[in-house]
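A.B. asks: Residue numbers (the numbering used here): 24 to 256. The beta-carbon is built from N, C-alpha and C at its ideal position, and this holds for glycine as well. One structure, as structure tokens, below. Some questions next.
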């Protein structure tokens, strides 16, 4: 498997996440100190609100850019052993992690939320059982709508391929929602629209698609020749 990483984008956003984290802590501390002075109470209230908002942004950015090991390295390790008919692109437009090979194109979407991940078809919403309520509120571990994220990424990749002059079969482009947290598990009875798996099932999922109607190595070479590797350092 060939690995391409936009190191400049990764390092730049990693620095930004650290700066935002430091600023959010500084504002929260300043707001807490100002709260002891009645004349600064209004400013303290404003500072605390701003600090909470910035802290949530910093958590999101740290999850995406600042974790160690980084998301790209996690995927590289788990996919080690795939043939040279596969290439993985990290932090390129339009998605953070795109695997392209004879089995198809795979949009790898990492999630760190804990608990038992499921989907309620009647209510059409995701469920997150046995997760820490404290972390849901303060650690940004609320699950949200991964299916909508997947649909948006799927459309973005389709448009991206078209913009590069790549006639990639749409039925061969697959979002894969990958849960990385050690406190995560997948409800085996849930019926997900897209592949929703734990990290240790990632390579098996790719191999499952490889057993189906495969794309030719020659076609994949044509695809990778049209991807902008010059923009990756």
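#1: Can you list, in chain order, the residues of its chain with a C-beta nearer than 8 Å to that of residue 237? Leave out the 5 residues immediately preceding and following it.
#2: What are the residues that DSSP puts in a beta bridge with residue 198?
#3: Measure from the alpha carbon of residue 167 to the alpha carbon of each residue in 193, 181, 135, then state which is nearest.
#4: Leaving out five residues before and five after residue 141 in sequence, what residues of the same chain have Cβ atoms less than 6 Å from its Cβ?
#5: Using DSSP with H/G/I as helix, E/B as strand and the rest coil, what is residue 60?
#6: CB residue 87 to CB residue 47, shorter than 9 Å?
#7: Could you tell me how far apart the beta carbons of residue 70 and residue 57 are, in whole angstroms, since I believe they sit closer than 8 Å?
#8: Sort out for me which residues DSSP pairs residue 152 with in a bridge.
#9: My assumption, with CB atoms under 8 Å, is that residue 43 sits in contact with residue 74. Please give the rounded CB distance.
#10: Would you say residue 101 and residue 223 are within 9 Å of each other, going by their C-beta atoms?
#11: Let's test the definition: count the other Cβ atoms within 10 Å of the Cβ of residue 256 and tell me whether it reaches 16, buried, or not, exposed.
#12: Tell me the rounded alpha-carbon separation between residue 121 and residue 205.
#13: Could you compute how far the alpha carbon of residue 119 sits from the alpha carbon of residue 251?
#14: With respect to the beta strand (DSSP E) encompassing residue 123, which residues constitute its N-terminal and C-terminal limits?
#15: Is the beta carbon of residue 219 less than 9 Å from the beta carbon of residue 169?
#16: Taking the CB atoms as reference points, tell me whether residue 98 and residue 201 lie closer together than 9 Å.
#17: Based on DSSP bridge pairs, tell me the residues matched to residue 114.
#18: As an exercise, report each continuous alpha helix (DSSP H) stretch of at least 4 residues that is fully enclosed by the segment 25-91, in chain order.
C.D. replies: Reading off the structure:
#1: Result list for residue 237: 125, 126, in chain order.
#2: Among the bridge pairs identified by DSSP, residue 198 is matched with 130.
#3: Sorting 193, 181, 135 by C-alpha distance to the C-alpha of residue 167 places 135 at the top.
#4: Within the same chain, and ignoring the five residues on either side of residue 141 in sequence, the residues whose Cβ sits closer than 6 Å to its Cβ are 150, 210, 213.
#5: In the displayed model, residue 60 falls within coil according to three-state DSSP, outside both helix and strand.
#6: Cβ distance not < 9 Å, so residue 87 and residue 47 don't count as in contact.
#7: The pair is a contact, with the Cβ atoms about 6 Å apart (cut-off 8 Å).
#8: Beta bridge pairing from DSSP links residue 152 with 139.
#9: For residue 43 against residue 74, the beta-carbon gap comes to about 11 Å, at or over 8 Å, which does not count as contact.
#10: By the CB criterion at 9 Å, residue 101 and residue 223 fall inside the cutoff.
#11: Its pLDDT being 46, under 50, residue 256 is placed unreliably by the model, and the measurement read from it follows with that caveat. Exposed, by the Cβ-count rule.
#12: Distance between the alpha carbons of residue 121 and residue 205: 23 Å.
#13: Spanning the two alpha carbons is a distance of roughly 14 Å.
#14: In the DSSP assignment, residue 123 falls within the beta strand (DSSP E) that extends over 120-124.
#15: Residue 219 is a Cβ neighbour of residue 169, given a cutoff of 9 Å.
#16: Contact: yes.
#17: In DSSP, residue 114 forms no bridge with anything.
#18: Given a length threshold of 4 residues, each whole run of the alpha helix (DSSP H) inside the segment 25-91 is given here in chain order: 30-57, 64-84.
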